[in-house]
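Have a look at the structure below before the remarks.
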Amino acid sequence: MSKPPAKNKKISIAFCGNSAVGKTALFTRITKGIFNEHLEASISADVFTKQVNVDGQNHNVALWDTAGQEKFRSTTKSYLRGLHGVLFCFDITKKETFNCIDMWIQEYEQAQTLKDLAARYLIGCKGDLASKREVSREDAENYAKTKNMTYLECSAKTGDNVDNLLVSVIRSFKQKNPSLVTLGIMRPSVSDSSSSTLPSSSVTTSAPVSAQPKEEEPVTLTKPQSSNNEPQEAGGCC
1 MSKPPAKNKK ISIAFCGNSA VGKTALFTRI TKGIFNEHLE ASISADVFTK
51 QVNVDGQNHN VALWDTAGQE KFRSTTKSYL RGLHGVLFCF DITKKETFNC
101 IDMWIQEYEQ AQTLKDLAAR YLIGCKGDLA SKREVSREDA ENYAKTKNMT
151 YLECSAKTGD NVDNLLVSVI RSFKQKNPSL VTLGIMRPSV SDSSSSTLPS
201 SSVTTSAPVS AQPKEEEPVT LTKPQSSNNE PQEAGGCC
């Protein structure tokens, strides 16, 4: 008697960091395979699901692009609970965004209501602008080690370190939690009482409305089709 097909594992991964560091550009590059030079700073929790195959197992990955502005901070926290992976993003050309990562880690840890099992990554965005960098790779790598994070520099423009990012995060989660037989035991929620699975409807939400994921068919990530980086915004940890 043949075995029933294995169910797809459910994975939740969130991007967090200051406004205009490149989170949304990276999110768009991963979810749509393009680079959009005319992106505006996120003021919502945008959610997108895609199917990713890791070592022969399909995973339904919910990607959460959170707002980095101070006025949306309380809403952003609600989307940082119960993740399988969290990507702390900064702009390698703006040191102040790197200096704010400690604050984002604190925000993330304060949002947790259960034991944190997520794979943590430090992401240096805008890797194509290395000639203008204010944060050295060595400094970022050393900082990541002190926080038990994996460091990667990515470019939404060129696609460097983008195509395999989700695969790397999923593998890291499994390595960190080898005793977990199944994934999907933790999901982002917009309130402490929310425990339902991610719905299948296609919606983009504006804070503070509960977010629901957009879906797409399984795809193979492609190289970007445009150039330039998303607009930058001055300021401190906001």
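Counting in UniProt numbering, the sequence shown runs from 1 upward without gaps.
Heads up, the beta-carbon is just placed ideally off N, CA and C, and yes, glycines get one too.
This one's a predicted model, so the numbers in the text were calculated from it and none came from an experiment.
In or out: PRO188 buried (at least 16 other Cβ within 10 Å) or exposed? Residue confidence for PRO188 is low, a pLDDT of 40 falling below 50, so the modelled location carries little weight; the figure read from the coordinates is stated next. Per the 10 Å Cβ criterion, buried.
So if DSSP puts GLU153 in a beta bridge, which residue, or which two residues, is it bridged to? Paired residues: GLY124.
Looking at VAL47: is its Cβ nearer than 7 Å to the Cβ of VAL61? Note that the C-beta distance between VAL47 and VAL61 is not below 7 Å.
According to the neighbour-count rule (16 or more other Cβ atoms, all chains shown, within 10 Å of its Cβ), is THR93 buried or exposed? It counts as buried.
Whole angstroms are fine: how far does the CA of ILE123 sit from the CA of ALA144? In a straight line, the C-alpha of ALA144 is about 10 Å away from that of ILE123.
My output table needs one value for LEU114: the three-state DSSP class, helix, strand or coil. LEU114 falls in the coil class under three-state DSSP.
Is THR66 buried or exposed, if buried means 16 or more other CB atoms sit within 10 Å of its CB? Label assigned to THR66: buried.
Is LYS174 helix, strand or coil when you go by DSSP? Reduced to three states, the DSSP call for LYS174 is helix.
LYS10 in three-state terms, based on DSSP: LYS10: strand per DSSP, three-state reduction.
Give me the residue from ASP128, GLU153 and GLN112 with the minimum Cα distance to PHE98. Ranked by Cα distance from PHE98, the options ASP128, GLU153 and GLN112 are led by GLU153.
Any idea what DSSP makes of ALA119, helix, strand or coil? Three-state result, ALA119: strand.
Would you grab the beta carbon distance between residue 239 and LEU87 for me? Rounded to a whole angstrom, and I think it's under 8 Å. Residue 239 is absent from the model: the chain starts at 1 and stops at 238.
Return the CA-CA distance between PRO218 and LYS10, expressed in angstroms with no decimal places. Low confidence applies here, because PRO218 scores a pLDDT of 39, under 50, leaving its location unreliable and the question unanswered by this model.
Could you tell me which residues DSSP puts in a beta bridge with GLN106? Paired residues: none, contrary to the question.
So is ASN18 buried or exposed if we call it buried at 16+ other beta carbons inside 10 Å? So ASN18 counts as buried.
Top-ranked residue by Cα proximity to ASP55, from PRO178, SER136, CYS237 and ILE170: Checking every option, the nearest Cα to that of ASP55 belongs to ILE170.
By Cβ distance below 7 Å, which residues in the same chain neighbour GLU141 in space, the five residues on each side in sequence not counted? TYR151, listed in sequence order.
The alpha helix (DSSP H) spanning ALA67 covers which residue range? Counted as a single uninterrupted DSSP element, the stretch harbouring ALA67 is not any alpha helix (DSSP H), since DSSP gives it neither H nor E.
Distance, LYS95 Cα to GLY127 Cα: Between the C-alpha atoms of GLY127 and LYS95 there is a straight-line separation of about 14 Å.
Over the uninterrupted beta strand (DSSP E) stretch that includes PHE90, give me the two end residues. 85-91 is the span of the beta strand (DSSP E), which, as asked, contains PHE90.
Which residues in the same chain as MET103 place their Cβ atom closer than 7 Å to its Cβ, once the five residues preceding and following it in sequence are excluded? Hits under 7 Å: CYS237.
Could you tell me the distance, in whole angstroms, from the CA atom of VAL167 to the CA atom of PRO178? Straight across, the Cα-Cα distance linking VAL167 with PRO178 is about 16 Å.
Which residues does DSSP pair with ASN58 in a beta bridge? Listed as beta-bridge partners of ASN58 by DSSP are ASN53.
Identify the continuous alpha helix (DSSP H) that holds PHE98 and give its terminal residues. Unbroken alpha helix (DSSP H) run through PHE98: 95-99.
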